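A.B. asks: Sharing a structure with you now.
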Amino acid sequence: MTTPRFSTEDVTVVFFLGGPGSGKGTQSANLVESYGFVHLSAGDLLRAEQERAGSQYGDMIREYIREGKIVPMEVTVALLSNAMADSLASAPPPAGTKARFLIDGFPRKLDQAVFFEATVCPSELVLFLDCPEDVMESRLLKRGETSGRADDNAESIRKRFKTFVETSMPVVEDFRAKDKVVEVKADTSVKEVYAKIKAGIEKRGIEAR
Ligand code: ADP
Ligand code: C5P
Ligand code: MG
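Start counting the sequence shown at 1079; every next residue gets the next number (this note's numbering).
Right, here's the structure in full:
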């Protein structure tokens, strides 16, 4: 038996899932503001690693991202685990409170979920944004006009949707079977979606701070 690197006595982990373009990054900013979450986006960490001088994974990550495939979990889990440790060291939570991590875009595959919970920290909750593909597609094409992302184009978007349905939805279903999912319909305004997120997580005991 491995012991996770972080204890749930010190740390609360909320996984944030939803298809590409469902609004995870957008809503994360709101949650950081009102609930004191530290936001860690797996995609952002992978893009930073891809650009890091001397990374042995740069080319591999670039290829996986363009193809909308899931990067081998060891890489992503190490990036997340180290980012959590860095955050706890540089900006510890207020005395007497647990650190809160909002882990955006992870776990996107069942093996990542199992490995992270065994070696890094078990999750408290999974927040899931449910959004129709046509809405996500138009948001991503619009975002692609300015994002500079190599995967915000029609071809990569199609591949990312396929990966989401085939590989990532089973993760949501697995957590749902464990009654850990707060699900919110995400095809309305940013404000309306956020109101539903707040209601959903507060029902599960996560209060503003
Ligand atoms: P994700 O991180 O889930 O891929 P983002 O938060 O980056 O999604 O949102 C994708 C795009 O859609 C962004 O350009 C964002 O501004 C926009 N967006 C996010 N939420 C909404 C919403 N509720 N209504 C309209 N546009 C939205
Ligand atoms: O979440 P985001 O849209 O930023 O992710 C971009 C890409 O990063 C994904 O399409 C995938 O290729 C990669 N990724 C991954 N594993 C994760 C999160 C992201 O491989 N857990
Ligand atoms: Mg995002």
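All C-beta atoms in this analysis are idealised placements derived from N, C-alpha and C, irrespective of residue type, glycine included.
Bear in mind that the values here come from a model prediction, so they are computed numbers and not experimental data.
Nearest to L1123 by CA position, among S1112, M1162, E1145, is which residue?
C.D. replies: Of the candidates S1112, M1162, E1145, the one whose C-alpha sits nearest the C-alpha of L1123 is M1162.
A.B. asks: Going by Cα to Cα distance, which pick from L1180, S1119, V1155, D1189 is closest to V1249?
C.D. replies: The shortest Cα separation from V1249 among L1180, S1119, V1155, D1189 belongs to D1189.
A.B. asks: How would you write the range of the beta strand (DSSP E) that E1261 sits in, first residue to last?
C.D. replies: Start and end: 1259-1263.
A.B. asks: Assign G1121 to buried or exposed, taking buried as 16 or more other Cβ atoms, counted over all protein chains shown, within 10 Å of its Cβ.
C.D. replies: By the 10 Å Cβ count, G1121 comes out buried.
A.B. asks: Decide if P1172 is buried, meaning its Cβ has at least 16 other Cβ atoms within 10 Å, or exposed.
C.D. replies: Its Cβ having fewer than 16 others within 10 Å, P1172 is exposed.
A.B. asks: Just to confirm before moving on: does the CB-CB distance between I1143 and E1127 stay below 8 Å?
C.D. replies: No.
A.B. asks: With distances taken from CA atoms, which of E1261, T1175, R1221 is nearest E1089?
C.D. replies: Before going on, a small fix: residue 1089 reads as Val here, not Glu. Checking every option, the nearest Cα to that of V1089 belongs to T1175.
A.B. asks: Using the beta-carbon count (16 or more within 10 Å), is P1210 buried or exposed?
C.D. replies: P1210 is exposed by the Cβ-count criterion.
A.B. asks: Heavy atom of the ligand ADP less than 7 Å from the Cβ of T1175, yes or no?
C.D. replies: Incorrect: T1175 has no Cβ contact closer than 7 Å to the ligand ADP.
A.B. asks: Note down, in chain order, each residue of its chain lying with its Cβ closer than 6 Å to the Cβ of S1246, except the 5 sequence neighbours on either side.
C.D. replies: If we look at S1246 and ignore the five residues flanking it on each side, its Cβ neighbours are R1186.
A.B. asks: How should D1102 be labelled, buried or exposed, when 16 other C-beta atoms within 10 angstroms of its C-beta is the threshold for buried?
C.D. replies: The amino acid occupying residue 1102 in the given sequence is Lys; Asp does not appear at that position. Classification of K1102: buried, given that the 10 Å Cβ count is 16 or more.
A.B. asks: Which residue from L1118, E1202, D1208 puts its Cα closest to that of D1164?
C.D. replies: D1164 has its Cα closest to that of L1118, out of L1118, E1202, D1208.
A.B. asks: Which residue comes first and which comes last in the beta strand (DSSP E) that contains R1282?
C.D. replies: Run containing R1282: none; DSSP gives neither H nor E here.
A.B. asks: Would you check whether the ligand ADP has a heavy atom nearer than 7 Å to the C-beta of A1277?
C.D. replies: Checking every heavy atom of the ligand ADP against the Cβ of A1277, none is found closer than 7 Å.
A.B. asks: Bridge partners of R1178, per DSSP?
C.D. replies: Paired residue(s): T1090, F1115.
A.B. asks: Specify the secondary structure class of F1239 as computed by DSSP and reduced to three states.
C.D. replies: It is helical.
A.B. asks: Flag K1237 as yes when its Cβ comes closer than 7 Å to any non-hydrogen atom of the ligand ADP, and as no otherwise.
C.D. replies: No, Cβ of K1237 sits at least 7 Å from all heavy atoms of the ligand ADP.
A.B. asks: How far does the alpha helix (DSSP H) with V1249 in it extend, from its first residue to its last?
C.D. replies: From DSSP, the alpha helix (DSSP H) with V1249 extends over 1247-1255.
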